[in-house]
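The next block holds one structure in the form of structure tokens; read it before the comments.
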Amino acid sequence: MKRKLFWLFAVGLCVLPAAADELPNNIYFQAMQDEMTRSLSKLRVKGSPKPYYLAYQLNYDHVYCAGASLGELNEGKDSVSHVLSASVAVAAGNGQNDSMGFMNDRFSYMPERGYDVPNSYWGIRHVLWSLTDDGYVKAADSYEKKQTYKRQKNMIEQYPDFSKAPQASFVEPIAGFPKPPAEQMQQWVKTLSAQGKEVPYLENFSVRICFSQRDNYYLNSAGGHYQFSSPKSWLSVAANLRNREGYKEIISRNIPLPEDHSLIPAELQKQTDQVLQSARQLFEAQKPEPYLGPVLLTPRAAADFLNELLVQNVRNVTPLLSFLFENDPSAGSFRNKAGMRIMSNVADIYDKPLLRRYKGLPLGGFMPVDDEGVKAQNLTVVSAGRLQQLPLSRRSGGTGQNSNGHARMSFSTLPREALSNIVVQPKNPLSSEEMEQKLLDRCRELELEYCYILQEFPQEKRPTVNLAERIYTKDGHREPVFGIKIGEKTTRSLRDILAAGQEDTVTSFQDPESREYALIAPSLLVDEIEIVPDDKKPDRKPFTPKP
Amino acid sequence: MRKSFLIAICLFFAGSVISQPLCETASQKPVELLEQELKRNFKVLKKQKPPIYYLSYNYKEEMSQHLEVAEGGVSWEKEQQTRMLQVTARAGSPQMDNTRTLKLDSDNFYVPLYNMPDMTDGGNSFKTAVWRATQAAAERAQKDFSRVQIDSITSSKRADNSADFVFPEKSIYCREEEPLSFDMQQIKERLIEASKQVQGKPFILDSSFSFALKQGYRYFVDSVGSRIKTPFAYVRMGYQLYGKTADGLDLSRGEFYDVLKTSELPTQEAFLADVQKSIRQLQQLSQAPEAEPMTAPAILKNRAMAVFVHEVLGHRVEGHRQKDDSFGKTFTDKVGHQVVAPILSIIDDPTLAYFGGVPLRGFYEYDEEGVKSRPVTIVQDGILRNFLMSSSPIKGFASSNGHGRSQDGRRPVARMGNTRVIASQTVPYEQLEAMLLEEIKRQGKPYGFIIEDLSGGFTQTSTYGPQAFKLEPTFVYRIYPDGRKEAVRGADMVGTPLVSFNKVLAAADDYAVFNGTCGAESGWVPVSAIAPSVLLEALEIEKTGKSSFKPPVLPPPSATKQGGNR
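Encoded structure:
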């Protein structure tokens, strides 16, 4: 009997997370810890390796939105929505040789995911139990297949699959979601959207304001954990119109608002006015002629440009193994370019996961501890035009490097390397007037009649219009242009950046794995971009006029 | 004597409960605004090439409350108000229009649904939204019609060349109802208490307890001149418990309560008793022997019979299935012929709001095409008399009988409402069981079956497969010649419609309601079916397919209750 008790006690010591004493005292951590302890000690299928590592993530999302179209509410009388969801990562085997980093089939490199989790201790445990069980069965299967793959490919391991790393924690008290000022929000969206009524060419003008808060809870079996909330609010403005040339187009803007959920009427009005101004430009705009030459990217267009050509190529730096492919299509193409020149020496680029807000706006990549329990570190991504540091996880050990706390998980991927808050820091920032002058100077040098200023960097599948302006070298006057495409997008353009501006903006993105991050970018002058008209055709006139 | 008594009982239990006063259609703001836009647009659209020859607006204002609970916690809670518009534009002519199914395009039932603004400013932004939706619908109809025209050139001759559309009669109707109100806090507490009943039961792998309320008004305005406002309300409380056997068979038990008033909800004592009964049944099933394939006499209990009629016969008498050559047309040429046992008559009557004190989900006053609902005798004394009709005529049935139904965002087709099975001769249920035992002995079978409950199933109506059905009973007993009953698991009912309905030997007098939601081309619609228990001379049972996944390795955490005092 004594011997039995000893073993029970010993097992208990092994499976309890190392930092258990410091865990926050709430049902989320109690449920995560208790189910994790049970699973690690008891979950086992005969003949299969046991689970050796578990990570649980709970997200409690609270959202309230009010929306209006042409002065009338079309959303806003609903209650606040509260949704608790859970993600579970299970690794079977051991740190040297485990089940992760292997894609079993097209959809399998995902955590186990549960939505609408009952918000009670037993409800949370029930969902975690179910997800852990499913995850373990799949992990055991992946483990066997991965071993077969390694044998077939004659892979000799020098480094562990999952390296050891000191585990960190970050705990902040979580305040409840504040009661949204529903009536005030409803009044504002009505007032702002009513401005569209006076514009004859607008077929619709809609405004939406949302308040949200995500409460994050994370615990892994090595003791890493975090608890913090991410409040957010944003304004969405959309204008539908048929322009002079008969094209049905949509202009849509999502504008982040301060995280304290304060409504600043003047700011809301300013942002709405800008969309109305863009709509007016679009109404009068013409299609472009093919163009090859210098282009000035406004901060928002520059963020799109850098996101597509740089950030998307600096993610998932440790390729997955799979029988499905030889080269992992989701792995960033810059992963082998550390030390190489990838950009002109106009700006340095940093990744700052610990930066929580910028100019009062919340940053979506804030991450004090990563999703493998490692303290997140700031990175110098690009310096002197060369790629310096890549985001690394505990699975980047194949190169002998240690994690720098950049493993990020989402509902569509298990933890993999990703950037968080990307900050572009120009070396010699120019004012907007200087940027425009530099553009005109370069155009004159190339003997061009006009150059382009892009407000959006065109994306293939974006449903909204791509708006730009031509600026004429002769007198500097501007003409609006719509319906543009980039002839050929190439990372070569990063080396063609001539200058960067002083004013910057925060833009939020999600990568293809649905991980949110922020990009703080100034305007950029790029020496050569090819612009061509898109293939869209004009639409017929409405059968009847707008009432 | 039994027959007349039964009719009296039916009349007593079944009633069109429309107690609220009628209202003035013209004074309804949505009707007024929709009418203005319809007139303004239709005047121009009907002159286009191809013309938009018919235009209608379905506008719905809905308030919904949803609550889901499990393991003592709320998993989903939401109160929502929506205003949605669906525009129907028909291009071409009634003989051939844009709605005809193309030979290589089996699904053209989706229709855009527009989120509508409020109308506090006199309705200007509402009218602008109607105008935008109308333009889009007209453009889409014209585009679809050109595809239909091209398709018709290369298509083989249709067996039924009836027109694509018949204009509905003009209807003016307006009715309002007091909004329903439920104490959501009290309901939440009730569900939380009930959800804790499953804890400590290792064979219950998952559970869900829910309450859903939807209510509001439907408005219908069309180019024929119909102007309709009708209320709707659906309230459902219920639960589902799930289990799995070691050999991979999924099990479930549950109950739903459809009500319209708080007083119609079961008492908490009765509710908890039902949950306990389901827990016992799930445990019984998890330990029960597996069914063996066999043909034997059987009783289909009332609610199981209701589902059986809905699935096996009901879908086959939907009008559009007699017209489209991709369907099997089991009953198309059987009008005037016996198709079921002569003791049975089958009526679809959407005008019934209640039966036996139970609200019927298949109740509606006007269908989604603005046609007044009415009872339709499908089968009389075993002989097929009618089909359920939408505004798509078929050979011999030129007009709608108010069964054009759809979920929001889909184009209506003929669907069931409240399908009632009426037996001309009935016996008490106990006698029906005695007759089953006699039949088992007469046929020399080792046992027969009692199908307590059906969850649903599918019935194959397309020509690509056999005209057969497969239904999934959730609780089945074997009954031995000595009257002993034994629960079995993993039994599916299979058969063909023409044979199965002629095997009905007798019916009981225990009519009961099955309330459900039926899915087909035009989406999910609320339906009801009412039937007595029946004795079948033979029912074919086959084994249910099993999942290749084992049950979870560990028992549910609440079954062990290890984790301290949480």
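Heads up: the sequence lines are chains A and B, in that order. Numbers in the numbering used here are just positions in the first sequence, counted from 1, shifted up by 1. In terms of the numbering used here, the second sequence has 365 at position 372, counting the first letter as 1, and numbering is strictly consecutive. Glycine included, each C-beta is placed from N, C-alpha and C at the ideal position. Given the structure is predicted, the values throughout are model-derived calculations rather than measurements.
- Measuring C-alpha to C-alpha distances from P525(B) to each of S338(B), V406(B) and P474(B) identifies S338(B) as the nearest.
- Cα atoms of H59(B) and S100(A): separation of roughly 40 angstroms, rounded to the nearest angstrom.
- When L298(A), D329(A), G124(A) and A377(A) are compared, the shortest CA-CA separation from F458(A) is found for L298(A).
- C-alpha of K40(B) to C-alpha of A131(B): approximately 12 angstroms in a straight line.
- Burial check for H330(B): the Cβ neighbour count within 10 Å stays below 16, so the residue is exposed.
- Within the region 101 to 121 of chain A, contact with chain B at the beta-carbon level (separation under 8 angstroms) is assigned to D117, V118, P119, N120 and S121.
- Residue pairing by DSSP leaves M409(B) without any beta bridge partner.
- When rounded, the separation of the alpha-carbon atoms in F138(B) and T92(B) is 8 angstroms.
- The Cβ atoms of V406(B) and H313(B) lie closer than 8 angstroms to each other.
- In the three-state scheme derived from DSSP, where H, G and I count as helix and E and B as strand, V302(B) is classed as helix.
- Per DSSP, reduced to three states, the secondary structure at T319(A) is coil, with no helix or strand assignment.
- Those residues of the region 94 to 114 of chain B placed with their C-beta closer than 9 angstroms to a C-beta in chain A are N108, M109, P110, D111, M112, T113 and D114, ordered along the chain.
- For the region 53 to 70 of chain B, the residues whose beta carbon sits under 8 angstroms from a beta carbon of chain A are, in order, E61, V62, A63, E64, G65, G66, V67, S68, W69 and E70.
- Taking a Cβ-Cβ threshold of 8 angstroms, the residues of chain B close to G124(A) are A63, E64, G65, G66 and S68, in chain order.
- Setting aside the 5 residues that flank it on each side, R378(B) is surrounded in the same chain by T370, each with a C-beta closer than 6 angstroms to its C-beta; the list follows chain order.
- Using a C-beta cut-off of 8 angstroms, the region 43 to 61 of chain A makes contact with the region 88 to 103 of chain A, since at least three inter-stretch Cβ pairs fall below that distance.
- Within the region 59 to 74 of chain A, contact with chain B at the beta-carbon level (separation under 8 angstroms) is assigned to A69, S70, L71, G72, E73 and L74.
- By the Cβ-count criterion, T38(A) is buried, with 16 or more other Cβ atoms from all chains shown falling within 10 Å of its own Cβ.
- Judged by DSSP secondary structure, T147(B) falls within the alpha helix (DSSP H) whose first and last residues are N117 to T147.
- Taking one beta carbon from each stretch, the region 433 to 453 of chain A and the region 471 to 491 of chain A have 3 or more pairs nearer than 8 angstroms; the two touch.
- According to DSSP, L85(A) shares a beta bridge with Y61(A).
- Residues of the same chain with a CB within less than 7 angstroms of the CB of F335(A), apart from the 5 flanking positions on each side, are N314, V315, I343 and L388 in chain order.
- When the Cα atoms are used, F160(B) and H308(B) turn out to be separated by approximately 24 angstroms.
- Partner residues in the beta bridge of R243(A), as assigned by DSSP, are K249(A).
- Our two residues, Y110(A) and G366(A), have alpha carbons roughly 21 angstroms apart in a direct line.
- Take Q378(A), set aside five residues on each side of it, and the residues of its chain with a beta-carbon closer than 6 angstroms to its own are N405 and G406, in chain order.
- Scanning chain A for C-beta atoms nearer than 8 angstroms to the C-beta of S551(B) yields W123, R126 and H127, reported in chain order.
- Proximity of Q73(B) to chain A, defined by a Cβ-Cβ separation below 8 angstroms, is satisfied.
- Along the length of the region 416 to 445 of chain B, whole beta strand (DSSP E) runs at least 3 residues long do not occur.
- A distance of 8 angstroms or more separates the beta carbons of D505(A) and Y248(A).
- Bounds of the beta strand (DSSP E) holding N508(B) are A505 to A513.
- If you look at G66(B), you'll find it in the beta strand (DSSP E) that goes G66 to A84.
- When secondary structure is reduced to three states using DSSP, T452(B) falls in the strand class.
- About 29 angstroms separates the CB atoms of I265(A) and P464(A); that is not less than 8 angstroms, and the two are not in contact.
- In the DSSP assignment, M37(A) falls within the unbroken alpha helix (DSSP H) covering I28 to K43.
- Secondary structure at S493(B): helix, using DSSP grouped into helix, strand and coil.
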